[in-house]
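Engineer: Numbering (the numbering used here), first residue to last: 2 to 279.
Supplied in structure tokens, the structure appears directly below.
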Amino acid sequence: MTAEAGESAGERKEIREGSRSTMKTIQLLIVDDHDELRRRMAEYFSQQAGISVAGEAAGGVEALKKIEEGSVDVMLLDLIMPGLDGFGVMEKLQRMPEEKRPRVIVVTALSREDFVRRAVELGAMYYMIKPIDLQVLLERVQEAASRPADAALRAPGLSPAGLSLEDRISNLFLGMGIPAHIKGYQYLREAIRLVIEKPDMIGGITKELYPAIARRFSTSSSKVERAIRHAIEVAWSRGRVETLNKAFGCRVAHPDEKPTNGEFIALIADKLSMDRTA
């Protein structure tokens, strides 16, 4: 190897290392009064590249103190805690300077629709139901940290102004009661996105759409199909299809008539596509 080539390789290595050193580490605060779960999440996230567990708290007062004293990018927040609950924490965050407010991901066992609405109205970026898939939670932490602090979700609906496509899909799924931690949630969201980008895919759902999703998530087409079916059945079993009808402004779904996977995907993708071009 020539001296010039060696110098170039060294320069390239220095540039790569310099780039890594300038990447911001996500400062994560974990707030939950369940000691074992809190420790398990802390242990998991402390092993993830690009994330530093800035602290743990068993209650709302302690959480606010840690936010005031340090720098927190993302907070995992339970709702039911002694003293100051999660809603109280989010209410107090609204009074803090914007630069001090962390992005909030609610992690709770409560799936009531009024709780979901209240949380997102107070600025929660995601609302996740326990038990939690830690890999999915990691993805939400990374997504939340990369978004503007004021990019919180709003009340469930298809096309609130200013929200991204993923946010609109997530809002609708939350309103319908599809939990964010189940695989079908992720697969459905990806399916709708793909069909919006390439409408012809809905005509080849088993030969093209399912395989594309399976490749994206390193799984099989049959598992994708079953997981999507399960997600739709969960929504219908919870009796929240009126959320879908309200979003469309007319009756497109009936509690006693579950759509096929393809019908559901096509329905949502078509509506969102029209909203984007309106």
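Glycine included, every Cβ here is placed at the ideal spot set by N, Cα and C.
Relative to the C-alpha of ASP79, which candidate in GLU69, GLU57, MET97 has its C-alpha closest?
Structural biologist: Selected option, being the one with the closest Cα: GLU57.
Engineer: With DSSP as the reference, identify every bridge partner of THR109, one or two as the case may be.
Structural biologist: Paired residues: ILE130.
Engineer: My output table needs one value for ARG104: the three-state DSSP class, helix, strand or coil.
Structural biologist: It is a strand residue.
Engineer: Are ASP202 and GLU191 closer than 8 Å when you measure CB to CB?
Structural biologist: Going by the sequence as given, residue 202 is Met instead of Asp. Their beta carbons are not under 8 Å apart, which means MET202 does not touch GLU191 by this criterion.
Engineer: Please give the ranges of any beta strand (DSSP E) in the stretch 34-118, keeping only runs that are unbroken, at least 3 residues long and fully inside the region.
Structural biologist: Correct list: 52-58, 75-78, 104-109.
Engineer: So, with DSSP's three-state summary, where would you put ILE287?
Structural biologist: Since the displayed the chain opens at 2 and closes at 279, residue 287 lies outside it and no answer follows.
Engineer: Alpha helix (DSSP H) containing GLY185: first to last residue?
Structural biologist: GLY185 -> alpha helix (DSSP H) spans 184-198.
Engineer: Answer with buried or exposed for GLU226, where buried requires no fewer than 16 other C-beta atoms within 10 angstroms of its C-beta.
Structural biologist: GLU226 comes out buried.
Engineer: Taking just the CA atoms, how far does ILE68 sit from GLY61?
Structural biologist: Cα to Cα, the separation comes out at about 11 Å.
Engineer: What's the gap between the Cα of PRO212 and the Cα of LEU268?
Structural biologist: Approximately 20 Å between the Cα atoms of the pair.
Engineer: Give the secondary structure of ALA162 by DSSP, where H, G and I count as helix, E and B as strand, and everything else as coil.
Structural biologist: Interpretation of ALA162 is limited by its pLDDT of 43, a score under 50 that renders its predicted location unreliable; no figure is taken from the coordinates.
Engineer: Run through DSSP, which three-state label would ALA125 get?
Structural biologist: ALA125 falls in the strand class under three-state DSSP.
Engineer: Over the uninterrupted alpha helix (DSSP H) stretch that includes ALA236, give me the two end residues.
Structural biologist: Element bounds for ALA236: 222-238.
Engineer: What whole-angstrom Cβ distance do ALA145 and ARG104 have, given they're in contact under 8 Å?
Structural biologist: Right, their Cβ atoms sit about 4 Å apart.
Engineer: Nearest by alpha-carbon distance to PRO336: which of VAL108, SER72, VAL107, GLY84 is it?
Structural biologist: Nothing about residue 336 can be reported from this structure: the residues present for the chain run from 2 to 279 only.
Engineer: On the three-state DSSP scale, how would you describe PRO260?
Structural biologist: Reduced to three states, the DSSP call for PRO260 is coil.
Engineer: Leaving out five residues before and five after MET275 in sequence, what residues of the same chain have Cβ atoms less than 6 Å from its Cβ?
Structural biologist: None.
Engineer: Can you give me the C-alpha to C-alpha distance between GLU310 and ILE183, rounded to a whole angstrom?
Structural biologist: One cannot answer for residue 310 here, as it falls past the ends of the chain, which runs 2 to 279.
Engineer: Cα-Cα, which of ASN172, SER171, GLN49, VAL32 is closest to PRO83?
Structural biologist: Ranking the options by Cα distance to PRO83, first place goes to VAL32.
Engineer: Using only the alpha-carbon positions, how far apart do PHE265 and SER219 sit?
Structural biologist: Whole-angstrom Cα-Cα distance: 23 Å.
Engineer: In whole angstroms, what is the alpha-carbon distance linking ARG102 and GLU122?
Structural biologist: Near 15 Å, if we compare the C-alpha coordinates of GLU122 and ARG102.
Engineer: Is the separation between the beta-carbon of LEU77 and that of MET126 shorter than 8 Å?
Structural biologist: Cβ atoms of LEU77 and MET126: not closer than 8 Å.
Engineer: So is GLN187 buried or exposed if we call it buried at 16+ other beta carbons inside 10 Å?
Structural biologist: Burial call: buried.
Engineer: Leaving out five residues on either side along the sequence, give the residues of the same chain with a beta carbon under 8 Å from the beta carbon of ALA50.
Structural biologist: Counting only Cβ-Cβ distances below 8 Å, and skipping sequence neighbours, we find nothing.
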